[in-house]
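Step one of this worksheet: look at the structure below.
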Amino acid sequence: MWDIIKNWIFDVIQFFYNFCGDWGMAIIIVTVIFRIIVAPLMHKQAKSSYQMQKVQPLMQEIQRKYADDPMRQQQEMQKLYAEAKFNPLAGCLPMLLQMPIFVALFQVLNEMATRTEGTSYEFYNLVPSLVTTPSQAFAEGFGTFVPYVILMIVFAGATFLPMILQQMNNKDSAQRKQTMIISGVMSLFMLWISWGSPAGVLLFWGTSSLIGVAQQQISLRIMKRKDAEAAEMIEVKPIEVDVTRKVKKPRPKKKR
98 MWDIIKNWIF DVIQFFYNFC GDWGMAIIIV TVIFRIIVAP LMHKQAKSSY QMQKVQPLMQ
158 EIQRKYADDP MRQQQEMQKL YAEAKFNPLA GCLPMLLQMP IFVALFQVLN EMATRTEGTS
218 YEFYNLVPSL VTTPSQAFAE GFGTFVPYVI LMIVFAGATF LPMILQQMNN KDSAQRKQTM
278 IISGVMSLFM LWISWGSPAG VLLFWGTSSL IGVAQQQISL RIMKRKDAEA AEMIEVKPIE
338 VDVTRKVKKP RPKKKR
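Using our numbering, read the sequence shown as starting at 98 and increasing by one per residue.
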């Protein structure tokens, strides 16, 4: 079953290669199509992260207030999630659903050299060979290595750029600093991974990450605009006062 999925993905890439005549552009087209398909899932993930950032100060307050009472702390957390309509697992589900396709694409691009013989796998002369790794290109000379190092930087930087952008508006300086450090360390780790990865994999992942950044920013703008509109409606809406007039009782008539 897994091989059938991989063969189908390769056939799709090969179809677009026959259409545009370039393996790199075919990979980019497939990546864009894939990102469009998973766009609703990515929007849900961005929405979950945005809601998490909004309720985080309240979560920290609950943790501080009920530090000595774990059961009460859990109850208050559940109450907060219900009031904020926030599901902690909602941000993980979209990633879990799309990971099999990511893994299959990764493996297909990693096996490109063995799938079709006699093909140059270049990217419009910008990248000499998409099946060559940066480590192999480095051995061929600095001039050959330049396009590969650019792919490495995009591959490593764009992967954690959404996390960094999300923390820019975080008022918790300690958490923001911690996230920046984690992102920096993980980016260095991704550079190490990219050193032995084929350029086609780096092109796919870098393109996918950059599109993901754009999708995240669009989702955040939509959600911030909705919050602003909701706040404006609360301020502008007139206060409705229900005034009930008292019915006057008839005066008793004086007896003559």
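Yeah, the Cβ is synthetic: ideal placement off N, Cα and C, and Gly gets one too.
Quiz item: Should P231 be labelled buried (16 or more other beta-carbon atoms within 10 Å of its own) or exposed?
Solution: Answer is buried; the Cβ neighbour count reaches 16.
Quiz item: Should M168 be labelled buried (16 or more other beta-carbon atoms within 10 Å of its own) or exposed?
Solution: exposed
Quiz item: Residue range of the alpha helix (DSSP H) that D108 falls in?
Solution: 99 to 117
Practice problem: Counting only the same chain and skipping the five closest in sequence on each side, list residues whose C-beta sits under 8 Å from that of Y221. | Solution: D119, G121, M122
Self-check item: Bridge partners - V224, DSSP secondary structure assignment
Solution: F220
Quiz item: Residue range of the alpha helix (DSSP H) that G121 falls in?
Solution: Counting along the chain, G121 sits inside the alpha helix (DSSP H) bounded by residues 120 to 134.
Self-check item: CB contact flag (S284, G238, <9 Å)
Solution: no
Exercise. Using only alpha-carbon positions, find the residue among Q150, M287, I106, F257 that is nearest to L206.
Key: The shortest C-alpha to C-alpha distance from L206 to any of Q150, M287, I106, F257 is the one to I106.
Quiz prompt | Nearest-angstrom Cα separation, counted from I102 out to M174 | solution = 41 Å
Quiz item: Is it true that the CB of L202 sits closer than 9 Å to the CB of M249?
Solution: no
Quiz prompt | Buried versus exposed, by CB contacts within 10 Å (16 or more), T256 | solution = buried
Exercise. My understanding is that T128 touches S305, with C-beta atoms under 8 Å, so please give their C-beta distance in whole angstroms.
Key: 5 Å
Quiz item: Which runs of the alpha helix (DSSP H), 4 residues or longer, sit entirely within the segment 254 to 332?
Solution: Counting only runs of 4 or more residues that sit fully inside the segment 254 to 332, the alpha helix (DSSP H) segments are 270 to 291, in chain order.
Quiz item: Taking Cβ to Cβ, would you say M139 is nearer than 9 Å to Q312?
Solution: Result yes, Cβ atoms of M139 and Q312 sit closer than 9 Å.
Quiz item: Can the beta-carbon of A136 be found closer than 9 Å to that of L317?
Solution: no
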